[in-house]
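Read through the structure below, which is laid out as structure tokens, and then see the notes.
Residue numbers (UniProt numbering): 1 to 406.
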């Protein structure tokens, strides 16, 4: 049994449907509910909860085509007619053909709902995972919120980005002018912009840039009534677009070109980082003249106990430029130990001497002999100390044996 409600006649009473539409215990089956959710909010203040979208189920089943027409043919063997899909449904009384189309559009949905659930259950090896995905996607659609669009000079860019087309300057100018004309006509005639000129027709006209008014008619099928009435005005707007200098598509501007890196770093520098300025040469330091006069460069020290010069002068340095004082690859020279070192630097030196560099074991022996810290050599509890003493005893025994032979 089918029920058809006239929203024009009962517009002031349609809020009652919210009681059923928002009841989580009632499943609402729709096909392609993306736009329906926002239209119901915009026109009647109705919201949807617990929706199953058969379009999302068809996508998950990989049926090739996801339209309701395809589902009707696949599961119900019904060849639905789509001639009234873009018809003006405001006419009253509605012809019998349109009423039959409306009934056919929803009559089989509950049966399709059962069939696609069975198919999803079968493809997932009788696991509810596929069904859960469809329910989650349908829930996300229900969470959409309608926001009233505000027309600005850049409103056309949002539609342009959604279409993912590349238009040159002439086409984009015509697209902008036609977009503004459509909004103006919609306000004058109190009609929707889709009724004045649908988006796909608007984009088609902007792409083709017809030289004659009849070319605009050729881009529209069916031709909207106001397009036929305002044909000459639309043609003048297209002519304005054709008068613009022809440049490449704006989407092509700024495309990153592939090629060799500028000033590539030497391959022997294995610790090179593009944002690490500590490995730059001294002659590559920042030039203070590039950042304005009087901006000082200050050197930093990790363990410096002297107050920075910037705090004394009240100026903030532009950059601190010096390598770290401690490095796992550098060892202090023997003659520099304990000379002009602060307390903090002496502590750091003592800590460094107790470390064994794990990377030295991978270096060639002929280039980098085995390194043993002085602290480990003098520590009786270390393994190095034990090995060294045994080696000395063995060497002495060999020397004594050689002397006896002589």
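Cβ atoms here follow ideal geometry from the backbone N, Cα and C, with glycine treated the same way.
Mapping the DSSP letters down to three states, classify residue 154 as helix, strand or coil.
coil
Check whether the stretch 159 to 178 touches the stretch 124 to 132, counting contact only when three or more Cβ pairs, one atom from each stretch, lie closer than 8 Å.
no
Bridge-paired residues (DSSP) for residue 28
51
Touch test, the stretch 73 to 85 against the stretch 109 to 127, Cβ-Cβ under 8 Å, three pairs minimum:
yes
Starting from the C-beta of residue 211, find all residues in its chain whose C-beta is less than 7 Å away, skip the five residues before and the five after it, and write them out in chain order.
none
Near residue 16, what residues of its chain come up, given a Cβ to Cβ distance below 6 Å and the 5 sequence neighbours on each side ignored?
none
Less than 8 Å separating the beta-carbons of residue 3 and residue 134?
no
Rounded to whole angstroms, how far is the Cβ of residue 48 from the Cβ of residue 40, which I believe are closer than 8 Å?
7 Å
For residue 120, which residues in the same chain have their Cβ closer than 8 Å to its Cβ, ignoring the five residues on either side in sequence?
57, 60, 61, 130, 131 and 134
How would you write the range of the alpha helix (DSSP H) that residue 349 sits in, first residue to last?
343 to 353
Assess, as a yes-or-no matter, whether the stretch 194 to 211 is touched by the stretch 143 to 155 under the definition of 3 or more beta carbon pairs within less than 8 Å.
no
Reference residue 160, options 150, 100 and 200, closest by Cα
200
For the candidate residues 228, 192 and 157, whose alpha-carbon lies nearest to that of residue 175?
157
Which residue comes first and which comes last in the alpha helix (DSSP H) that contains residue 70?
68 to 71
Using the Cβ count rule (16 or more neighbours within 10 Å means buried), how would you classify residue 237?
buried
Assign residue 401 to buried or exposed, taking buried as 16 or more other Cβ atoms, counted over all protein chains shown, within 10 Å of its Cβ.
exposed
By the 10 Å Cβ neighbour count, where 16 or more other Cβ atoms means buried, how is residue 350 classified, buried or exposed?
exposed
Reduced DSSP secondary structure (H/G/I, E/B, other) of residue 124
coil
Would you tell me roughly how many angstroms separate the C-alpha atoms of residue 192 and residue 7, rounded to the nearest one?
17 Å
Whole angstroms are fine: how far does the CA of residue 50 sit from the CA of residue 27?
5 Å
Just mark residue 291 as buried or exposed, buried being the case when its beta carbon has 16 or more other beta carbons within 10 Å.
Residue confidence for residue 291 is low, a pLDDT of 45 falling below 50, so the modelled location carries little weight; the figure read from the coordinates is stated next. With fewer than 16 Cβ atoms within 10 Å of its Cβ, residue 291 is classed as exposed.
Secondary structure of residue 194, DSSP reduced to three states:
helix
Taking the alpha-carbon positions, what's the residue 340 to residue 398 distance?
45 Å
Just verifying my parser: in three-state terms, what is the DSSP assignment at residue 100?
helix
Does the distance from the C-beta atom of residue 178 to that of residue 244 stay below 8 Å?
no
Could you tell me the alpha carbon to alpha carbon distance between residue 107 and residue 81, rounded to whole angstroms?
14 Å
Determine the direct distance from the alpha carbon of residue 93 to that of residue 87, and round the result to whole angstroms.
14 Å
Does the beta-carbon of residue 182 have 16 or more other beta-carbons within 10 angstroms, so that it is buried, or is it exposed?
buried
Helix, strand or coil: which one does DSSP assign to residue 7?
coil
Looking only at its chain, what residues have a beta carbon closer than 8 Å to the beta carbon of residue 138, apart from the 5 residues adjacent to it on each side?
33, 51, 52, 53 and 56
Whose CA, out of 136, 97, 25 and 180, lies closest to the CA of residue 150?
180
With a 10 Å radius around its C-beta and 16 neighbouring C-beta atoms as the bar for buried, classify residue 122 as buried or exposed.
exposed
Let me check understanding here. Comparing Cα to Cα, which of 24, 71 and 5 lies closest to residue 103?
5
Taking DSSP as the reference, what is the three-state secondary structure of residue 181?
helix
Sorted by chain position, which residues of the same chain lie with C-beta nearer than 7 Å to residue 101's C-beta, five sequence neighbours on each side aside?
81 and 84
Determine the direct distance from the alpha carbon of residue 219 to that of residue 14, and round the result to whole angstroms.
38 Å
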